[in-house]
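Have a look at the structure below, then the notes.
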RNA sequence: GGGCGGUUAGCUCAGCGGUAGAGCACUACGUUGACAUCGUAGUGGCCACUGGUUCGAUCCCAGUACCGCCCACCA
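Residue numbers (the working numbering): 1 to 1013.
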């Protein structure tokens, strides 16, 4: 058998991956010892339509290392794979595809059902991509258990959780101010909002007091001295969003602000809108305004600003919505004149009821984009002279950086919007998630992330979980109207309503939960029938207010459509019964939050759930600690009362070689598949692993992957060498017991490397694991052991050397397998008739007696000698090919023994003749080593000056080290305080250095003598 | 405004109480029973700065500077 000169990753990887799969090597429990402890990992599910990027490559490589390591160690191992439906992202992609596809349809034109068909088509078409790519990376997931968050079983679990939390009152519906993405026209959670600093403006405007009233405006400095006193007929307001002035409900000042005390309770005028309908709003007090900021007075737009919302709620100020879902100024509702009239009545304290029909956008601004409206408002106010002016009379506009919220997917400015949404009352489930990390049931590595986790959870806000999207888990809530033709009563509980009135009720949105208790209605019967109609789904029935019904015809159409959608026939005794399902879907992260239990079969009590939950480790990036990790913690604890995982390992973000974040716009994205094509999956994996230092962002470029590729080649060639020397036909000993020191030594080195590797992996120090293996394989095994073995293949140690090398290589290949699975599996197959693939073979288990301290000492002497000779030769310009005599001028017993046992090795590697005793003489250079001095005749001509310089340099360095140690030992405080062991070591070191010095001095003296001759 | 991390050889990074390591790059030389995707030898560092703790600090503590990240409602 001949092994190819280079490992052909490209052809081998696909073949090996297929073999693993055929052998069932990754099946849950493969290679488990009887009664083994389990080890389980759930994959952070990638977007089903996504493709592998470099972050996935890192994330999955690290998981795979742990999984393969445990599997080989005999744990009952499961790596649970799967994909996420990724609501917004996927819907976005499919919509874009739709736009591209000639038909140029929008999803609205297509309709929900058809659109979802398209999404599923897209999923079928592209959904396997990422799985194939993960396989190319070598991910040893149990692919037979692959799950998708939109699969039926998982979907059922998601709905069940919703219902459970709904029943517990943890999930609730409400009209709140939420972050609204005008591009996707959906609510999003706080986490999906990215606050970015942008160059903005702050405008200052005058709100004139009603009826031309005036007051004395007095400003004082810190000492109470009056710095400004003037009579004003206005109150000055600063804003970065002038367009929202249209929806102001009040102006607020701090209760302790003396400047405005005279006008608190009075009305002022919003300086925008048609002159004849200028709207009045009250001046109120609230703790929110900061007297030291701006003018100290704040305009309150409760429907478009989170702070203002709070003020408005506290002070009973109406919330006037100004915009539609696309961020344009509203066009619906009442005329401006009527709206302004009602709003002014409200400002005077009159109760005007529901204000949702009130549209305070002047007709000329209706339908405009919010930014265009802003421009127009500023222009109008400035033209009217109601902008605050500076000393020179120019309108006061401060250019200033402001923080503005953007949608993380859409990139458009987020608008706070008053809408009906579903929320998780996270405050009620956060406690156990905090406790679990505090008491160590789950630990987060690196620990710094625990603080971040705590901080976020301790300040958690309600989680908006409804999305106005189509792709996702549709909220399992059906809105019904428990109306019968006869006997229906409205809220007041009296009087029957006729059909027209019923629709009026609908349109007014007055039907709510309470309606079900009204007389003449067999709600339970309706509900029962409804349940039958949608059998199998856990359904909370709720009678809720009707939203967004514009007119009777639409209502009728909608009912008909809803009935059709659910194949319901109208009961003749009822005008309408449970009609439509909540159109919204759940936040993707709501379903991802169930990933651990959901993939293991919950709510059924499956054997997998028993065995593999809680999972052992979660490996993820820090960017989704809040999105995902924290929510999994909360939800798992709320549902099954246990933590989802014991350890969370948080890795960094892969950056380019310059340290920049990879992004499409920067064009610095590195495609892992390109790297795999060029260098092989093992190379990429090794490189990523060696850079995965805890708490650091790895930087990667093609250059760094070369290192991994070269390492693989090095290993490959060592194996080739072994094979060429008959190593793999040597006896296959479980653990050879060689006599030769070189063989005893390498087994000890292997044992040390194995122990170190186990420790590194146990501590999640992946980089240390990779670097340790690299140092052992290249620096010990290839650089030294293979070289040492060469002369030993002839003679009495040949057989044991072959056996040892076979053993060491097989063990090394096993150790490398978790990081470099393909090349090691290939070597495994090429070098023996194996019963099992390497992936399901035993992990090396060294015993303490593998380490032979005597062999270590001897070999380190040999290595030092060889290095000394090589160094001297190179520095003195001895031709590399020249074979020199090695004259022992002085040697202790240990060195003599080492020389005797390793003669062939030394001669070969130092390129010398057999060592013989003798004296330093002309034409010789000196080499000192621990316990010995040597002379090397390099020919008649010696550059004495160069040799002196060389030795002096060595001497200088040695002297410096010795001086440091000596000074330390001479310090009485050191000897009094330091650890005795340290003192002993220091003494030993100094003694060795002193010996070296003596030898160097002797050599130098001799040199001086020679040059004098 | 809070919080977290970083600052070590030309570059990318390890190390983290006993006085510095790797890979790449660079220089010289290439003899060798696998490997030029290689071998051998070498050059290269007041371990950001200032104090403190300690017998001893690159390592621990405090502060400073710069860089990066996360969180935050100042209109």
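Glycine included, each C-beta is placed from N, C-alpha and C at the ideal position.
A straight line joining the alpha-carbon of residue 150 with that of residue 594 spans about 12 Å.
About 16 Å separates the Cβ atoms of residue 389 and residue 380, ruling out a contact at the 8 Å cut-off. Between the alpha carbons of residue 214 and residue 263 lies a distance of about 9 Å. Inter-residue distance for residue 336 and residue 658 is about 57 Å (C-alpha atoms, whole angstroms). The three-state reading of DSSP puts residue 924 in strand, counting E and B together.
Residue pairing by DSSP places residue 423 opposite 172, 464 in a beta bridge.
In this structure, the CA atom of residue 19 is about 36 Å from the CA atom of residue 663.
Rounded to the nearest whole angstrom, the C-alpha separation of residue 180 and residue 369 is 15 Å.
In terms of CA proximity to residue 309, 251 leads the group 339, 251, 348. For the 8 Å CB-CB criterion, residue 625 and residue 424 do not form a contact. Between residue 683 and residue 782, the gap from beta carbon to beta carbon reaches 8 Å or more. For residue 944, the enclosing alpha helix (DSSP H) begins and ends at 944-970.
Taking the C-beta atoms as reference points, residue 859 is found no nearer than 8 Å to residue 934. By the Cβ-count criterion, residue 253 is buried, with 16 or more other Cβ atoms from all chains shown falling within 10 Å of its own Cβ. The beta carbon of residue 642 sits closer than 6 Å to those of 614, all from its chain and outside the five residues before and after it, given in chain order. With a contact defined as Cβ atoms closer than 8 Å, residue 616 and residue 645 qualify at about 7 Å. With the rule of 3 Cβ pairs closer than 8 Å, the region 92-106 counts as touching the region 119-126. Counting only residues of its own chain and dropping the five nearest sequence neighbours on each side, residue 798 has a CB closer than 8 Å to the CB of 792. DSSP places residue 164 within a helical segment (H, G or I) once states are collapsed to three.
When Cβ pairs closer than 8 Å are counted between the two stretches, the region 433-442 is seen not to touch the region 178-194, the count staying below three. The beta carbon of residue 89 sits closer than 6 Å to those of 47, all from its chain and outside the five residues before and after it, given in chain order. Contact annotation: residue 815 and residue 844 have beta-carbon atoms nearer than 8 Å. Going by C-alpha positions, residue 427 is about 46 Å away from residue 674.
Counting C-beta atoms within 10 angstroms of its own C-beta, residue 679 has 16 or more neighbours from the protein chains shown and is therefore classed as buried. If you draw a 10 Å sphere on the C-beta of residue 207, you find 16 or more other C-beta atoms in it, and that means buried.
In chain order, 738, 740, 742, 743, 789, 792, 793 place their CB closer than 8 Å to the CB of residue 801, counting only its own chain and leaving out the 5 sequence neighbours on each side. Cβ contact annotation for residue 219 (same chain, cutoff 8 Å, sequence separation greater than five): 226, 227, 228, 229, 259, in chain order. Rounded to the nearest whole angstrom, the CA to CA distance from residue 1000 to residue 695 is 46 Å. Remark: fewer than three beta-carbon pairs, one from each stretch, lie closer than 8 Å, so the region 54-61 and the region 8-26 are not flagged as touching. Residue 185 places its beta carbon 8 Å or farther from that of residue 409. The beta carbon of residue 405 lies closer than 6 Å to those of 193, 195, 414 in the same chain, with the five residues before and after it left out. Cβ neighbours of residue 299 within its own chain (closer than 7 Å, five residues either side excluded): 237, 239, 245, 248, 251. Contact annotation: the region 827-846 touches the region 723-737, with at least three C-beta pairs closer than 8 Å. Per DSSP, residue 304 has no beta-bridge partner at all. Shown here, residue 934 sits in a strand according to DSSP, grouped into three states.
For residue 400, there is no enclosing alpha helix (DSSP H); the residue is found in the beta strand (DSSP E) stretching over 397-407.
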